[in-house]
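Okay, so the sequence shown: first residue is 1 according to my numbering, each after it adds one. For every residue, glycine included, the Cβ atom is placed at its ideal position computed from N, Cα and C. First the structure, in the form of structure tokens, and then the observations on it.
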Amino acid sequence: MMEDNKESKAPARSKGSNALIGNLCILTATIFWGVNVSFTKALIPDWMTADGIIVVRVVGGCLLMWVASLFIKCKPVERHDWLRLILGGGVGLFLFLYLFVTSLRYGNPIDISIIMTLPPVFVILIGVVFLKRRPSSAEYVGVVVSMAGAVTVIIAGGTGKDGSDNMLGDLLAVASTLCYAFYLVILEGPTKNYRPVNMLRWVFLFAAVPALFLIPDMRHMPILSTTEAAPWLEILFILLCPTFIAYFLVQPAIKKIGSELVSLYQYLLPVFATLSAVIMGLDRLRWVQVLAMGIIVGGMVLTNIGKRRRVTKAGVRPDGCAKG
1 MMEDNKESKA PARSKGSNAL IGNLCILTAT IFWGVNVSFT KALIPDWMTA DGIIVVRVVG
61 GCLLMWVASL FIKCKPVERH DWLRLILGGG VGLFLFLYLF VTSLRYGNPI DISIIMTLPP
121 VFVILIGVVF LKRRPSSAEY VGVVVSMAGA VTVIIAGGTG KDGSDNMLGD LLAVASTLCY
181 AFYLVILEGP TKNYRPVNML RWVFLFAAVP ALFLIPDMRH MPILSTTEAA PWLEILFILL
241 CPTFIAYFLV QPAIKKIGSE LVSLYQYLLP VFATLSAVIM GLDRLRWVQV LAMGIIVGGM
301 VLTNIGKRRR VTKAGVRPDG CAKG
């Protein structure tokens with residue numbers, strides 16, 4: 001009897017440990033993505049151009065991915081996956097980062113971080129339009145509610161100080177989330193078939209090709225002529241943490257706690273972005289931002305409830321993840 005009790009307790013401890021590790025992994029990645037919003041805003045335009053940050057993230061990330069792949073056994077990419085990797089890199093990663101970084105040049109970091117919770121909405125819409133998927137009525141309602149929250153952010157941003165620039169930044173952020181949703185959909189298959197570094201090294205390589213054309217614009221950036229440590233530490237953080245480390249933390253998190261729980265963590269992104277922006281003096285929290293955040297989160301809760309009921313009724317396990 002005692003041996004049976006020991007055996008039953010061991011799996012329980014193992015499950016608890018896995019859950020703790022999984023939650024810590026995705027929490028760390030979410031903190032990186034949230035702080036990245038404020039650090040990027042702090043660098044533009046006083047220290048770096050938007051093009052310069054994109055080159056550092058994409059080209060630097062590409063080099064880090066290929067160095068990491070030297071220490072991990074990677075299987076060859078199958079022929080039918082090459083087009084997905086090319087589109088995922090060129091459109092899903094490069095264009096996403098280009099629009100995201102450019103949006104921070106015009107908009108404020110809190111608004112942008114709230115809008116960055118929208119990829120799941122666009123994933124559903126892409127599935128409906130192009131993949132002929134049929135979400136439940138609750139999922140449709142959730143999409144409408146979340147879009148209403150995004151519209152609230154855009155309208156409120158456009159009526160504030162420097163409203164025209166804020167509205168442009170918000171619209172660019174919406175476009176960037178659409179590109180990221182495309183990234184999630186187009187790479188859904190390869191994500192299941194290859195190790196993260198095996199897939200990401202090619203995705204970053206195809207994203208680095210258009211980024212190379214932005215290098216000439218980096219010659220006159222103020223950061224190249226300064227000896228101050230702060231901007232260099234900020235760009236080092238942006239390269240290593242949200243660009244490189246965060247992507248490797250997501251995969252074990254999915255394995256240990258499931259993709260649905262992982263996807264819910266992205267709704268914490270505005271929290272960490274807001275805290276870092278307020279601490280750094282880049283922005284101040286307004287009541288309309290809290291309202292919009294609540295509307296978007298409420299919409300996505302409805303969407304997740306609808307999805308869970310739909311897949312449970314169909315008798316299959318839900319999959320897929322939207323990273324922020």
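Apart from the five residues on each side of it in sequence, which residues of its chain come closer than 7 Å, Cβ to Cβ, to residue i?
i    : result
P222 : D46 and W47
C179 : V91, G92, L95, F96 and L99
R84  : I186, L187, G189 and P190
M280 : S38 and A42
V145 : I295, G298, G299 and L302
Whose CA, out of the options, lies closest to the CA of residue i?
i    : options                   : result
N23  : M280, L233, K255 and M116 : K255
N18  : L282, I279 and A253       : A253
R286 : M167, L302 and N108       : N108
I26  : D111, L269 and Y98        : L269
C62  : P190, N36 and W202        : W202
T303 : T191, G142, M116 and N36  : G142
P210 : I31, G52, F32 and A42     : G52
S136 : I124, A229, F130 and V129 : I124
H220 : A42, T28, V297 and A50    : A50
I305 : L20, Y140, F122 and W66   : Y140
V121 : L240, Y267 and R195       : Y267
L64  : I296, F213, L275 and L205 : L205
V271 : Y106, W66, I112 and I86   : I112
W66  : A208, Y106 and T177       : A208
What does the alpha-carbon distance come out to for the pair residue i and residue j?
i    : j    : result
P242 : L233 : 14 Å
P119 : D217 : 30 Å
S69  : A277 : 34 Å
F244 : G34  : 15 Å
D170 : V151 : 9 Å
I126 : R134 : 11 Å
R284 : G90  : 35 Å
M199 : N193 : 9 Å
W82  : Y265 : 30 Å
F237 : A273 : 15 Å
V290 : T40  : 22 Å
V77  : Y183 : 18 Å
S38  : R309 : 37 Å
I110 : N36  : 12 Å
I215 : T102 : 16 Å
L168 : I155 : 11 Å
L224 : I31  : 28 Å
V55  : A148 : 34 Å
F248 : G88  : 17 Å
R57  : E228 : 21 Å
Give every residue of the same chain whose Cβ lies closer than 6 Å to the Cβ of residue i, excluding the five residues on either side of it in the sequence, and list them in chain order.
i    : result
A175 : L99
R79  : none
Skipping 5 residues on each side, what residues in its chain have a beta carbon closer than 8 Å to that of residue i?
i    : result
I257 : N18, A19, G22, N23 and I26
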